[in-house]
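In the numbering used here, the protein residues as written are 0 to 634. The structure appears below as C-alpha cells.
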C-alpha cells in the first residue's frame, strides 16, 4: 500500500464553525453573527465602549487641532470705537457724540457693587472658572427646560470674546471659536482685564454700549456714582434691554422689577452682599425717561460746535482726530444758566414775535446770545438758534451781524486812552468843549447820553478825532477779533463791524474786569485714553487792555438805574440788527436779534418786527437780557 492510503481526510466544518471563522476575519462583527432576532442587531458592550472611545478620540483630536490653529484675533474695530463725551461744568454729561455711544472706563471707575451685580447675574463662578463653564451650559439647558430663572450658559469671558473678537452671528463654527478663544484669553488676560473689557463692550439698550454710557443714559450719572440698587437694574439689562428697560412698557417694567429683585437676592446668596445691605434696597430705582434720539438737538449742537472750535484751536486737533472718538471733554457751560437763557429767549420770541400774524415783518427772526464770566473769560451759556439739527448756523458765534451802537463804548474807551478827559471833553449840560470841533454855543448829546439814546453823529465825530485805527485797536485789545472789524470809514465808530455775541460778551467783560482782558474759552480739560490732552491745563494770564480808570469811566457812563452797565442799538441804527450787551462784575451777556432766510443771504429789514412800536426790534434783546438776568439773581 502507498503511504497516501493511510492519510486522514480533513473533517468538514459545521455551519456554526464556518460562521465563527468568518466573524473572526471581519473587523466589526455587526450585525452580530451567532445571534438571532433582535439580539443580532444590538451592539455588544465592547462595541458600545469602542464606539464611544472612538468618537472621544476624534473629538479630542479635532479640538486639539482647532486649539492649535485658532489664535486670539485682533479686536473688532467696533469694540474699541467710542463716542466723544462732553460734560457740563458740574461734571454731569452734556452729550455723547459719535456713531457708537460708548465711553471706555477703567475697572477702578466701576463701583464694586456694579461688578458684583453683573457677576451674580451673568457668571457667579467668574473668578473660579477657566473662561468656559460646561456646568453652566448644562445648567442653562436644564433651567430652560424647567422654565426657571438662571444665568446664561456663556461665561463673562465668552461674552467678552464674542463682543470683542467675533461677530454676533449664531453659528456652530462661531461658537466653537468662541470656546477656544475664551480658553486662551483666560490664560493670557487677568480676570480684571476681562471684566473691564466686558463692561465696556456690552449692550445696555438706549443706544448705550458699555456701563459708563448706560449709567449716563439711565441715571444721568457716571458709572462710579452708581449705587448697588441702580447697579442691579443695569445688570438686569444684560439679559436683553428690549425686554428689561422698564420705560418701554408695563410688561418690561414688571420683568425688570422681578429681575432686579432676583439679582439683589442672588448677590446675598453668593456672598457678594450682606442681608442688611439688601434690606436697604426695597424701592425699585426708576431710571429717567429715555431722551429723544439725536444727541445734538436743541442747544446741544451749538455748545458742541463752540467746544470743538476751541479744542481745534487750542490743542491743534483736526476734525479727523475728533472723529476717531474717545475724547472726554469738560466744558465751562453752566446747565442752569443755559436753561434760563433759553427760557428767556423762548418767552420773548413766543410772546412778541408772530410770523403768522405779521409774516412780512416777523418771519425769519433769529436770536443769538452768549454769557461770559469776566474774571477769566469762561463761556457759561449761549443761545445759538432754535435747534442745531434744523438751524445749522450758530447765532451766538457767527459773524455777519452789524453791532450798531453797542460798539460805541470802544470809541469812548479809545478816546479816554488817547488822553481825552471825559470831564474836560464835555460838560454836564452836554456842550462839547474845545477840541471837539464844535462851536462854543453848539449843544450836542453828552457822550454818556449818546451811548444809550442815539447821538451817532457825536460818536462819528469822536471817532474821527480819536483816530479810526486807534478805535479799532482798542476794540481788538478789549477782545474783539480783528477779522470782524469793518472798513475804517465814517460808519465804523457807530457799529458797522460784525463781532459775534460770544466776543461782544467777552469784550464787555474787559470793562467789567477794570481793563483786564481774558479771551473767551469753553473747555477746561480734554482726556483721551485716561491721559490729559495738552493745551488746557493753563491759560494765559489776563492782559491789561485798558487802564483801570478808562474801564471804570466807561462802566460809569453805561451805568443803568438798575445797577448794571449796558449798551444797546437804538432808533438811529439802520443796520438790520438789534443788540443789547450788559454786564455786572460777575457776568457779561450779549444778545442780538436779526432776520435772515434759512439758506442765508443778506440780512432782512428789522423795521416793524413785533409791531410798529418795537422801534425796529431794538426792544427785544433788552427784554431777553432782563428775563435772563432777573432769573439769574432771583433767589
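Using N, Cα and C, we set each Cβ at its ideal position, and we do this for glycine too.
Beta-carbon gap between residue 580 and residue 380 smaller than 8 Å: On the chain shown, residue 580 is found 581 positions in, with the first residue counted as 1. On the chain shown, residue 380 is found 381 positions in, with the first residue counted as 1. No, Cβ-Cβ distance for residue 580 and residue 380 is not below 8 Å.
Opening and closing residue of the alpha helix (DSSP H) in which residue 328 lies: What you label residue 328 is simply residue 329 of the chain shown in a count that begins at 1. Boundaries around residue 328 are those of the beta strand (DSSP E), 326 to 330, since no alpha helix (DSSP H) includes it.
Nearest-angstrom Cα separation, counted from residue 94 out to residue 327: Position 328 of the chain shown, counting from 1, holds the residue named residue 327. Position 95 of the chain shown, counting from 1, holds the residue named residue 94. In a straight line, the C-alpha of residue 327 is about 10 Å away from that of residue 94.
Beta-carbon proximity of residue 541 to residue 571, cut-off 8 Å: Sequence index remark: in the chain shown, residue 541 carries index 542 (1-based). Sequence index remark: in the chain shown, residue 571 carries index 572 (1-based). No, the pair does not count as a contact, with Cβ atoms beyond the cut-off.
Run of the alpha helix (DSSP H) containing residue 337, from where it starts to where it stops: Here residue 337 is taken as the residue at index 338 of the chain shown, counted from 1. Residues 334 to 351.
The segment 527 to 541 / the segment 597 to 607 touching (three or more Cβ pairs under 8 Å): With a cut-off of 8 Å on Cβ pairs, the segment 527 to 541 is not in contact with the segment 597 to 607, counting fewer than three such pairs.
Beta-carbon contacts of residue 302 that lie in its chain and below 6 Å, excluding the five residues immediately before and after: Along the chain shown, one-based indexing puts residue 302 at 303. Cβ neighbours of residue 302 within its own chain (closer than 6 Å, five residues either side excluded): 332.
Limits of the alpha helix (DSSP H) - the one that residue 236 falls within: The count along the chain shown starts at 1 and reaches residue 236 at position 237. Counting along the chain, the unbroken alpha helix (DSSP H) around residue 236 starts and ends at 227 to 236.
Straight-line gap, residue 422 to residue 562 (C-alpha atoms, nearest Å): As a working mapping, residue 422 is identified with position 423 in the chain shown. As a working mapping, residue 562 is identified with position 563 in the chain shown. The pLDDT assigned to residue 422 is 46, lower than 50, so where the model puts this residue is not dependable, and the model offers no usable value.
Endpoints, alpha helix (DSSP H) assigned at residue 311: Sequence index remark: in the chain shown, residue 311 carries index 312 (1-based). Taken as a continuous stretch (DSSP letters only), the alpha helix (DSSP H) holding residue 311 covers 299 to 314.
Unbroken beta strand (DSSP E) run spanning residue 94, endpoints: One-based indexing of the chain shown puts residue 94 at position 95. Note, residue 94: beta strand (DSSP E), 92 to 96.
Complete runs of the alpha helix (DSSP H) confined to the segment 347 to 415 [at least 4 residues]: Correct list: 358 to 361.
Contacts around residue 622, its chain only, beta-carbon distance under 7 Å, and the 5 residues preceding and following it disregarded: Counted from its first residue, the chain shown places residue 622 at position 623. Excluding sequence positions up to five before and after residue 622, its CB lies within less than 7 Å of the CB of 347, all in the same chain and listed in chain order.
Straight-line gap, residue 518 to residue 505 (C-alpha atoms, nearest Å): Position 519 of the chain shown holds residue 518. Position 506 of the chain shown holds residue 505. Straight-line Cα distance between these residues: approximately 7 Å.
For residue 599: DSSP bridge partner residues: By 1-based counting over the chain shown, the position of residue 599 is 600. Per DSSP, the beta-bridge partners of residue 599 are 596.
Other residues of its chain near residue 354: CB distance less than 6 Å, five sequence neighbours each side excluded: Indexing the chain shown from 1 puts residue 354 at position 355. Around residue 354: 361, 362.
Sequence-distant residues of the same chain with beta carbon closer than 7 Å to residue 555, five excluded per side: Taking the first residue of the chain shown as 1, we reach residue 555 at position 556. Excluding positions up to five away in sequence, the list is empty.
Alpha-carbon to alpha-carbon, residue 567 and residue 343: On the chain shown, residue 343 is found 344 positions in, with the first residue counted as 1. On the chain shown, residue 567 is found 568 positions in, with the first residue counted as 1. Near 18 Å, if we compare the C-alpha coordinates of residue 567 and residue 343.
Pair within 8 Å by beta-carbon distance, residue 502 and residue 521: Numbered from its first residue, the chain shown carries residue 502 at position 503. Numbered from its first residue, the chain shown carries residue 521 at position 522. Cβ distance not < 8 Å, so residue 502 and residue 521 don't count as in contact.
Span separating the alpha-carbon of residue 155 from that of residue 197: The residue given as residue 155 occupies position 156 in the chain shown. The residue given as residue 197 occupies position 198 in the chain shown. Distance from the CA of residue 155 to the CA of residue 197, rounded to the nearest whole angstrom, comes to 7 Å.
Within-8 Å CB hit, residue 489 to chain B: Given the protein chain composition of this structure (a single chain), no chain B is represented.
Inter-stretch contact (C-beta, 8 Å, three-pair minimum) for the segment 379 to 396 and the segment 448 to 467: Contact check between the segment 379 to 396 and the segment 448 to 467: fewer than three CB pairs, one atom from each, fall below 8 Å, which does not count as touching.
Residue 587 burial status per 10 Å Cβ neighbour count (16 or more: buried): Here the question's residue 587 lines up with position 588 in the chain shown. Residue 587 should be labelled buried.
Residues bridged to residue 524 (per DSSP): As a working mapping, residue 524 is identified with position 525 in the chain shown. Its beta-bridge partners are 329.
Residue 87 in three-state terms, based on DSSP: Taking the first residue of the chain shown as position 1, residue 87 is located at position 88. Here residue 87 sits in coil by DSSP.
With 16 other Cβ atoms within 10 Å as the buried cut-off, status of residue 105: On the chain shown, position 106 is the one that residue 105 refers to. Label assigned to residue 105: exposed.
Residue span of the beta strand (DSSP E) that contains residue 576, given as start and end: Numbered from its first residue, the chain shown carries residue 576 at position 577. Where residue 576 is concerned, the enclosing beta strand (DSSP E) stretches over 576 to 582.
Cβ pair count under 8 Å reaching 3, the segment 490 to 499 against the segment 390 to 409: Contact between the segment 490 to 499 and the segment 390 to 409 is present, because at least three Cβ pairs lie under 8 Å.
Simplified DSSP assignment, three categories, for residue 587: Within the chain shown, residue 587 is the residue found at index 588, counting from 1. Strand, per DSSP.
Three-state secondary structure (DSSP) of residue 541: Counting from one through the chain shown, the residue named residue 541 turns up at place 542. Residue 541 falls in the coil class under three-state DSSP.
Identity of the residue in 179, 594, 606 nearest residue 573 by Cα: As a first step, residue 573 must be located in the chain shown, where it is residue number 574. When only C-alpha atoms are compared, the closest one is 606.
Whether residue 212 touches residue 102 by CB criterion (8 Å): Looking up residue 212 in the chain shown gives position 213. Looking up residue 102 in the chain shown gives position 103. Yes. Within cutoff.
Where the beta strand (DSSP E) containing residue 477 begins and where it ends: Looking up residue 477 in the chain shown gives position 478. Looking at the DSSP string, residue 477 is not in any beta strand (DSSP E); the run it does join, the alpha helix (DSSP H), is 467 to 477.
Contacts around residue 304, its chain only, beta-carbon distance under 8 Å, and the 5 residues preceding and following it disregarded: The sequence position of residue 304 within the chain shown is 305, counting from 1. Residues 383, 387, 393, 396 of the same chain have their beta carbon placed closer than 8 Å to that of residue 304, with the five preceding and five following residues left out of the count.
Rounded separation between residue 435 and residue 595 - CA only: Here residue 435 refers to the residue found at position 436 of the chain shown. Here residue 595 refers to the residue found at position 596 of the chain shown. Only weak support exists for where residue 435 lies, its pLDDT of 38 falling under 50; the coordinates are left without a value.
Beta-bridge partners of residue 566, as assigned by DSSP: For the purposes of this step, residue 566 is taken as residue 567 along the chain shown, with counting starting at 1. Residue 566 is bridged to 580.
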